[in-house]
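The structure appears right after this line, and notes come after that.
Number of protein chains: 2
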Amino acid sequence: MFSIGQLSKQTGVKVPTIRYYEQVGLLVSAGRTEGNQRRYDKEGLERLGFIRHARDLGFSIEAISALIDLQQHPDRSCQEATEIAQDQLADVREKLRRLTALETELVRISEGCDGDGSSNDCYVLTSLADHRHCRTEH
Amino acid sequence: MFSIGQLSKQTGVKVPTIRYYEQVGLLVSAGRTEGNQRRYDKEGLERLGFIRHARDLGFSIEAISALIDLQQHPDRSCQEATEIAQDQLADVREKLRRLTALETELVRISEGCDGDGSSNDCYVLTSLADHRHCRTEH
DNA sequence: CTTGAAGCTCTAGTGACTAGAGGTTGTAGA
DNA sequence: TCTACAACCTCTAGTCACTAGAGCTTCAAG
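Quick mapping for you: the protein sequence lines, in order, are chains A and B.
Under the working numbering, the first residue of the first sequence carries the number 38, and numbering increases by one thereafter.
Under the working numbering, the first residue of the second sequence carries the number 38, and numbering increases by one thereafter.
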């Protein structure tokens with residue numbers, strides 16, 4: 038049996054975050070000692086590991102809830118799980134596309150200015166003032 | 038002179054967002070009509086355009102505040118502006134790095150599963166349950 | 001002069017936590 | 001067995017950048 042602090046160390050999830058996950062229903066309410074402190078078993082540890090990993094991959098709390106539901110109903114087709122993962126992938130790809138465009142613009146903006154001179158004619162500022170200078174859509 | 042609605046249409050920034058920008062000090066308080074409605078001139082329009090563009094590029098409200106301060110003190114060196122832009126670029130690059138790793142994992146996870154079978158042995162779920170399957174750091 | 005779109009302020013909600021106050025429990029060492 | 005104190009508890013409020021809604025007032029076209 039682990040205390041919340043031990044669970045935190047093993048998973049890398051901060052203590053208040055673990056309590057938050059319980060509050061929003063992502064973790065089942067843990068058992069308690071007589072003095073009202075949370076105690077976790079191996080299952081709790083694994084569950085939190087799953088959540089941690091999914092959060093690292095950018096899944097929302099809502100999506101993770103749905104995935105956990107699926108885990109607990111092994112009779113249901115895993116098509117839903119695949120859909121959630123593919124939605125997430127589409128999301129990540131869209132973000133990549135946008136960030137790549139932003140990188141292009143930021144490089145252009147940063148390189149135009151050598152850091153000398155007054156901000157009067159600073160390339161960073163004039164670039165930001167006028168979208169028409171941009172090479173990409175964003 | 039423009040009403041807040043006209044300003045919104047011209048810049049693509051929503052009306053409540055414009056009021057929010059004023060509230061947090063990003064936009065100088067607009068002049069008002071006798072009936073207390075906001076009226077903007079060309080300068081207000083340009084300022085909001087600047088903010089819009091910088092937000093699109095991912096700059097925080099705080100960073101934009103700093104950039105606007107610099108615009109209003111043309112005597113100050115633009116080194117600060119360049120620094121802000123380069124910080125933002127570093128930030129974007131870090132996000133790109135992480136997202137690229139996530140994309141790799143998500144492709145691996147999504148492709149492992151054909152959507153058939155029960156969630157009992159769904160590859161998506163087992164992959165998320167065990168970080169050790171991952172090919173990349175994240 | 002009427003109508004209704006557009007404006008106003010204020011409060012509260014979003015997601016995923018994080019921080020702090022103020023009190024209680026568990027446990028290691030004396 | 002006692003004592004210290006780290007770790008735990010709950011609760012409220014704050015973060016960021018908005019967004020939504022209630023309930024009211026003003027502007028401008030017909």
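Just so you know, even glycine gets a beta-carbon here, dropped at the ideal spot from N, CA and C.
As the structure is a prediction and not an experimental result, all values here were calculated from the model.
Within-8 Å CB hit, residue i to chain A
{"i": "B:V161", "result": "yes"}
{"i": "B:T119", "result": "yes"}
{"i": "B:L64", "result": "no"}
Chain-ordered chain B contacts of residue i [CB-CB under 9 Å]
{"i": "A:T173", "result": "Neighbours of A:T173 on chain B: none; closest Cβ ~11 Å, over 9 Å."}
Beta-carbon spacing of residue i, residue j below 8 Å
{"i": "B:L126", "j": "A:S164", "result": "no"}
{"i": "B:L136", "j": "A:V129", "result": "yes"}
{"i": "A:A67", "j": "A:G49", "result": "no"}
{"i": "B:S102", "j": "B:L63", "result": "yes"}
{"i": "B:R76", "j": "B:F39", "result": "yes"}
{"i": "A:G95", "j": "B:L162", "result": "no"}
{"i": "A:L85", "j": "A:I105", "result": "no"}
{"i": "A:E131", "j": "A:T173", "result": "no"}
{"i": "A:C159", "j": "B:C115", "result": "yes"}
{"i": "B:F87", "j": "A:A91", "result": "no"}
{"i": "A:L107", "j": "A:E99", "result": "no"}
Contact list for residue i against chain A, beta-carbon separation under 7 Å
{"i": "B:V129", "result": "L136, L139, E140, L143"}
Within chain B, the residues that residue i reaches when beta carbons sit closer than 7 Å
{"i": "A:D93", "result": "H175"}
Chain B residues whose Cβ lies nearer than 8 Å to that of residue i
{"i": "A:K46", "result": "Here the premise fails: no neighbours, minimum Cβ distance about 16 Å."}
Within chain A, the residues that residue i reaches when beta carbons sit closer than 8 Å
{"i": "B:E83", "result": "A166"}
{"i": "B:S191", "result": "Because chain B is modelled from 38 through 175, residue 191 of chain B falls outside the range shown and cannot be assessed."}
Cβ of residue i within 8 Å of any chain B Cβ
{"i": "A:L107", "result": "yes"}
{"i": "A:F39", "result": "no"}
{"i": "A:Q125", "result": "yes"}
{"i": "A:K79", "result": "no"}
Chain-ordered chain A contacts of residue i [CB-CB under 9 Å]
{"i": "B:K51", "result": "Here the premise fails: no neighbours, minimum Cβ distance about 18 Å."}
Near the ligand MG: residue i beta-carbon under 7 Å from a heavy atom
{"i": "B:P53", "result": "The ligand MG is not part of this structure, which contains no ligands at all."}
**Completely contained alpha helix (DSSP H) runs for the region 71–121 of chain B, where each covers 4 or more residues** = 79–93, 98–109
**Prompt:** Along the chain, which unbroken stretches of the alpha helix (DSSP H) at least 4 residues long are found entirely within the region 49–74 of chain B?
**Reply:** 52–60
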